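So the structure is just underneath, and the comments pick up after that.
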Amino acid sequence: LTLLLLSGIGFEQAISRDDLFDLVTRQKTLDFPPATRYRYSNSNFMLAAVIAERASGEDYRAFLNRRIFKPLGMNSTRLCDDNSQLIPNIARPYSRSASGNWHRNLALVELSGDGGILSTVDDMLIWQANYRQNRLPLPDLMEKLSTRGRMVNGHNITYALGLRTPEYRGRRVYMHGGGWPGYTHELVHFIDDDDVQTVVDSSKHLKKRHWQFKKEGTRDGILETVDGVTTTRLVDDACIFLNRPGFEGG
Numbered sequence: 046l047t048l049l050l051l052s053g054i055g056f057e058q059a060i061s062r063d064d065l066f067d068l069v070t071r072q073k074t075l076d077f078p079p080a081t082r083y084r085y086s087n088s089n090f091m092l093a094a095v096i097a098e099r100a101s102g103e104d105y106r107a108f109l110n111r112r113i114f115k116p117l118g119m120n121s122t123r124l125c126d127d128n129s130q131l132i133p134n135i136a137r138p139y140s141r142s143a144s145g146n147w148h149r150n151l152a153l154v155e156l157s158g159d160g161g162i163l164s165t166v167d168d169m170l171i172w173q174a175n176y177r178q179n180r181l182p183l184p185d186l187m188e189k190l191s192t193r194g195r196m197v198n199g200h201n202i203t204y205a206l207g208l209r210t211p212e213y214r215g216r217r218v219y220m221h222g223g224g225w226p227g228y229t230h231e232l233v234h235f236i237d238d239d240d241v242q243t244v245v246d247s248s249k250h251l252k253k254r255h256w257q258f259k260k261e262g263t264r265d266g267i268l269e270t271v272d273g274v275t276t277t278r279l280v281d282d283a284c285i286f287l288n289r290p291g292f293e294g295g
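Per the numbering used here, residue 46 is the first one in the sequence shown, and the count goes up by one each step.
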């Protein structure tokens, strides 16, 4: 995505994954030698989707449906890699301008591998429940997903295989978040407590500065919500905060 911006291409311009692939593969050098530094990279996830397609012989959308979404019963989850798709019940993204007026956000970059997943809070909790009891035919799934990256100097970073794995006051955490114009999402799983937290927002009202771990001893809600208010619905139903300890998926 940084390459897009450096190329003068905005998110509101229609860009396909083939365009993104061409942009990435035209780079002549790496930012730094592998495993000498860490920097989050959307490009690597996009390239992983291309590899999955070539190895399986099917498009990435079908691959995800067959290998992950259908086996887990994530029936409201799909990959939206085509901007012409009609998506029922989608929460449209919007944000507030500098003048204080609300406007709808528009992003026409077609993501695949590094984004483009449309889902619901309940389906995200099904995915989190699979961390505890894997129902996919992938041996040692969580061990692989949670193994931290290792630098050439022997230092382990907290980023693993698509998961952030920090510790909070001695408690293990699996988490990841993301955003897109008008959208914000954060998903947190306290492994030892089997406590799942998820925040989804389609108005950009929740800013990362509002998200912080609460004081020690609070188990019901590890995220600080807008203006210190913790509720199940915020910002005119645009944001949902849901906490389900011990959630049973499926």
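Every residue gets a Cβ at the ideal spot worked out from N, C-alpha and C, and that includes glycine.
Being a predicted model, the structure only gives us computed values, none of them experimental.
Which same chain residues, not among the five before or five after residue i, have their C-beta less than 8 Å away from its C-beta?
i, result
"M187", "Y176, N179"
"P211", "T203, V218, M220"
"D63", "none"
Starting from residue i and walking both ways along the alpha helix (DSSP H), at which residues does that stretch end?
i, result
"S101", "87-101"
"Y105", "105-109"
Which same chain residues, not among the five before or five after residue i, have their C-beta less than 7 Å away from its C-beta?
i, result
"S142", "H148"
"L65", "M91"
"P116", "R180, L181"
"K197", "Looking at the sequence itself, residue 197 is Val, so the reference to Lys does not match. Here the set comprises A80, T81."
Determine the DSSP secondary structure at residue i, reduced to helix, strand or coil.
i, result
"T70", "helix"
"L131", "coil"
"L208", "coil"
"F114", "helix"
"T122", "coil"
"D239", "coil"
"F258", "Below a pLDDT of 50, predicted positions are generally treated as unreliable, and F258, at 41, falls in that range; no measurement from the model is reported."
"K252", "The predicted model places K252 with a pLDDT of 49, which falls under 50 and marks its position as unreliable, so this point remains unresolved."
Would you say the beta carbon of residue i is closer than 7 Å to some non-hydrogen atom of the ligand FMN?
i, result
"R177", "Absent from the structure shown: the ligand FMN. Ligands present: none."
Is it the case that the Cβ atoms of residue i and residue j are separated by a distance below 8 Å?
i, j, result
"T203", "R195", "no"
"S296", "L124", "In this structure the chain extends from 46 to 295, so residue 296 is not present and cannot be described."
"L190", "L206", "yes"
"R216", "F235", "yes"
"S61", "S121", "no"
"L48", "L75", "no"
"S144", "G227", "no"
"G118", "I54", "no"
"A97", "Y105", "yes"
"N128", "E103", "no"
"L151", "E57", "yes"
What are the boundary residues of the beta strand (DSSP E) that includes residue i?
i, result
"R217", "216-225"
"Y228", "228-235"
Apart from the five residues on each side of it in sequence, which residues of its chain come closer than 6 Å, Cβ to Cβ, to residue i?
i, result
"A93", "G158"
"L59", "The question names Leu, but residue 59 in the sequence shown is Ala. For A59, where only same-chain residues beyond five positions count, the Cβ hits under 6 Å are L153."
"Y83", "I202"
"G161", "L124, C125, D126"
"F77", "none"
"G223", "H230"
"Q173", "H234, V241"
Where in the stretch 141-206 do unbroken runs of the beta strand (DSSP E), each at least 3 residues long, occur, reported from the N-terminal end onward?
147-149
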